[in-house]
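Protein chains in written order, with this note's numbering: chain P, 133 to 992; chain A, 40 to 412.
Here the structure comes first, spelled out in structure tokens, and everything after it is commentary.
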């Protein structure tokens, strides 16, 4: 018989026979792997969908542009357009000027929850010039003037099909601090084989949007599209060089790839964190598959001996085991891809919400499933199961015949190295060293705490090993209980010393608990820090901004007439008007904010790090920078920072560093009079208002909302609550991921107990014959399971202390640049411990009851 | 007249108003109408005349590479005043629409490349009012020095040309007393200025090839506000450059019943630039056959026969204008209106090649009125 035929025979008669006899176990194994893959896969799909939506905004209309010119600060005046065309001469290049702003759907009621409104991106394009891109279509399509309905109408807007609003109807939006009614002139055309326009995209004719946004004569960027032809690559290089020469450093030139990369870069650290978290379940699953297959080797050793005696080569037996692992991988991968895709539909909203708050506007609402992604999930699952199955396969093929024939040999205590106490110390020391490594700095100012991640791995591993120790210790501790109960004696006999599989189960639980508890410590510390920061900086009675300013990427502002009217209200004692602009430093984008230095000094509204500036600086050349800015751009107090502005680069002295937990990109504060002089733009981002009568806040708010339907006004208490709510919201997905990690670990414990009861089925039969009840067996198993869980829990909590410190002082600090105060959320940790123990107890009792009913001849 | 793009024609068909019996100077919507005896001043009158509703600069020519490889090309710049917007705040800058077409025929491969471009007047499209200086995207036609023009054009990324056009003959003005009539309506007329012979040199990049070329071009500059009459469905137009130094321009306005409008015209231009007009009754322009476009489905004449009395000999001649390639149709991807405009050779009764021509055939691709809706 050929080896392939023999393998097929072994698979059907040897491996799958066990699956058929114990389908529940096989299913559990597949489910564990599927859950691990699903979590990783759902985060991957959600991340991709969010990034893709960022790209789609720019590419759905103008295709993939060759490069883009923008200003390092503020917008570009239209007067640069003829200069750009002149620089290119007669070269066949399309130039597409673009203006962008944001808007939210107008509602009748007051805004109670930030981010709850439906946000839109309003994109202004030259709808006449855009027709020229039709010439680039590979195949001629039925010709109609697609945008004709939008020409010459100041309020005409084109919407995506996904918005589900028919042409001819109206759309009421808040743009800046006004409520405007736009007429839907048509649907955004969709080309064959190109992505559909996202729901949040609205397109207007460029002059119409310039008028609507009160930004006449301005564009945000110019996209360049080299006309198709055999010399396109050469022309692209030539055009980029020509525009570079013409720019003379005044404009930024980015390729399409750069722009896509910028979205990826901005969120890289965030996505990496999520991906790392999503690996928990997979890593725990990997442990468990290893354990399950290892247990199966133990239980099937008699069959292996028979196969060897029948002349089946060791190599073939090893391959049969790997084939079984492969099968688990394929089934787990397929199921994981399906579950992951379902999970991604939820995850994408959670990821999108955080990206909206912290980075850029994204419209992702669902994640697509592509064949290559399914392939990737399958590959991951197969690789994971093969890795997990490799060692058991090797063991199976190399077991000595004498050992094979010993049917009732118990599971071994596991590798000596893994039981070594020295290894725990080495791992803790290695982690400490890795934690001291500075972050890996990426282009665009992003940092990745590689050393921190290595330390986390080392400490997680150490926690796993520690759990084995604790398990043995618990076994010894519980031994006296055996004097009172035979069942307790039976349980403790399995734990002192614990088998390798007990250790593994405890270790996987320790790993999941450590990460969950560590993250809970981070979140708890973050929340405590935020509360302190809010307490220190939110001192005013009212906070006013555009009703459209719902997230970090909003461009809606208060027009000068509006904020001047509010600031002059008789109820106002003092007001700080904030102006802001995104500016591109050589190391990446950051926020430049114009504020009233006098207000900051008199009201103490800035949370200083390292103390308030002393003496208070002259506003002339002073700047205050946020901690995140310091981390990102490597500047320091007393040094200088050169800020790009429309009036040219301005060098400012850094007079102070402040805490700002609202942005990880970094913020530079300058005196607002300088901001106004450089940017020539008096629209305000927000106004902070102190009232003559602080108790009148609610009354003034109500009056202002009635008088200004396009603004939102928050009282101090309301804004504080909103900031904390949004903060907690950004951690929703983190909690979900960790919950799944713990669930997988508890499932793993269940599988371990099942597996061990199967190993001991002969003992169980004997016990039943001796009159031990089902309840007695269940109690014994429950005690064994609870002790294992407790060991994992204690080790996990111990490791979580280290992990919490690491997350706060190394990973968070290096990635986001925020200093946090350590705070241990004891109630949350106690709740986690109680849940894990209860779940383990319940699972172990159920397994014990099931095990008591095992027939005498049942092997697996 | 010089050919006008179907879009503009159609627009005019809609917008044209019945002219009053007396010779008006303005259309009802305030645009200028061509006036007899106008004194042209150059270079100003090579530039744009926004007081007229429509204007175009139209260059067609025949180019030869150093190895004798032959090309036909077309470069057209149109300007048209936009309809008055309902809201002045959203009015396009300058209130003008600029449309342009480029075409290139490579006779070696038979490949005809073409592209159209539309922009509102502004940073990417403009026409000077002081001299010849028109731009549309990367395309431009401008007067570089006394009567020497520079043309920069391309057809997508496939072809690019930069040409210098130098007059061999003086500028001629077609029409009676400076006014070229197109129909029975008094307002249906234009000022029609032409350089019939332009020595052409320059560089042509075709694919990865870079070729030095030379040849001869024809350039029209025409301005009007309402030059077409109701009932006209299209026209056939040609310019002829004969080896004997003579040139000719001919158009046949086609009416809905298939007959030629009486305002159709043939104009002979002597080597010295003297113009002699021939009335519609004294010449004929007859299709030679038919070619159906695989793109638009339109059936165009596959060449034309011109029958007229040749002024230098006084003999009636029957010359055939034979296309260098059948497919020289501009399919109008943006405007959606197709027409045929291509390089031809002129064959006499004996089949001898006696010169080069450019032929334009419009109104064969469906109902122009539908195209604009």
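Backbone N, C-alpha and C fix where the C-beta goes; we use that ideal spot for every residue, glycine too.
Nothing here was measured: the structure is a model prediction, and the numbers come from that model.
Below-7 Å beta-carbon distance, residue i vs any chain P residue
i	result
residue 177 of chain A	yes
residue 197 of chain A	yes
residue 332 of chain A	no
residue 104 of chain A	no
residue 191 of chain A	yes
Contact with chain A by residue i, beta-carbon distance below 7 Å
i	result
residue 264 of chain P	yes
residue 261 of chain P	yes
residue 192 of chain P	At residue 192 of chain P the pLDDT is 48, less than 50, meaning the model places this residue with poor confidence; the figure from the coordinates comes in the next sentence. Residue 192 of chain P does not count as touching chain A.
residue 418 of chain P	no
residue 214 of chain P	yes
Reduced DSSP secondary structure (H/G/I, E/B, other) of residue i
i	result
residue 290 of chain P	strand
residue 202 of chain A	strand
residue 87 of chain A	coil
residue 753 of chain P	helix
residue 323 of chain A	strand
residue 276 of chain A	strand
residue 634 of chain P	helix
residue 307 of chain A	strand
residue 110 of chain A	strand
residue 257 of chain A	strand
residue 558 of chain P	helix
residue 572 of chain P	strand
residue 936 of chain P	helix
residue 186 of chain A	coil
residue 142 of chain A	strand
residue 461 of chain P	helix
residue 88 of chain P	Since the displayed chain P opens at 133 and closes at 992, residue 88 of chain P lies outside it and no answer follows.
residue 921 of chain P	helix
7 Å Cβ cut-off: residues of chain A touching residue i
i	result
residue 210 of chain P	162
residue 299 of chain P	What residue 299 of chain P touches in chain A: nothing, since even the nearest Cβ is about 17 Å away.
residue 225 of chain P	177
Residue i - containing alpha helix (DSSP H), residue span
i	result
residue 711 of chain P	No alpha helix (DSSP H) holds residue 711 of chain P; the beta strand (DSSP E) holding it covers 704-717.
residue 839 of chain P	829-839
residue 214 of chain P	212-220
residue 854 of chain P	848-861
residue 75 of chain A	Element bounds for residue 75 of chain A: n/a, residue is neither H nor E.
residue 981 of chain P	958-984
8 Å Cβ cut-off: residues of chain A touching residue i
i	result
residue 222 of chain P	177, 178, 179, 191, 192, 193, 199 and 201
residue 691 of chain P	Neighbours of residue 691 of chain P on chain A: none; closest Cβ ~17 Å, over 8 Å.
Start-to-end residues for the beta strand (DSSP E) that takes in residue i
i	result
residue 158 of chain A	150-159
residue 100 of chain A	93-104
residue 790 of chain P	782-790
Under 9 Å from the C-beta of residue i: neighbouring residues of chain A
i	result
residue 217 of chain P	162, 163, 174, 176 and 177
Check: residue i C-beta below 6 Å from any heavy atom of the ligand ADP
i	result
residue 747 of chain P	This structure simply doesn't include the ligand ADP, nor any ligand for that matter.
Discussion item. Please identify, using Cβ separations under 7 Å, the residues of the segment 356-377 of chain P that lie next to chain A, in order along the chain.
Written reply: 358, 359, 360, 361, 362, 363, 364 and 367
Worksheet entry | chain P contacts from the segment 138-167 of chain A (Cβ-Cβ distance under 9 Å) | Against chain P - using a Cβ distance shorter than 9 Å - the residues of the segment 138-167 of chain A are 154, 155, 156, 157, 158, 159, 161, 162, 163, 164 and 165.
Fill in: Residues within the segment 246-260 of chain A neighbouring chain P, beta-carbon criterion of under 9 Å
246 and 247
Fill in: Interface residues of the segment 367-390 of chain A facing chain P [CB-CB below 8 Å]
370, 371, 372, 373, 374 and 375
Worksheet entry | Members of the segment 201-225 of chain A near chain P, C-beta cut-off 7 Å | 201
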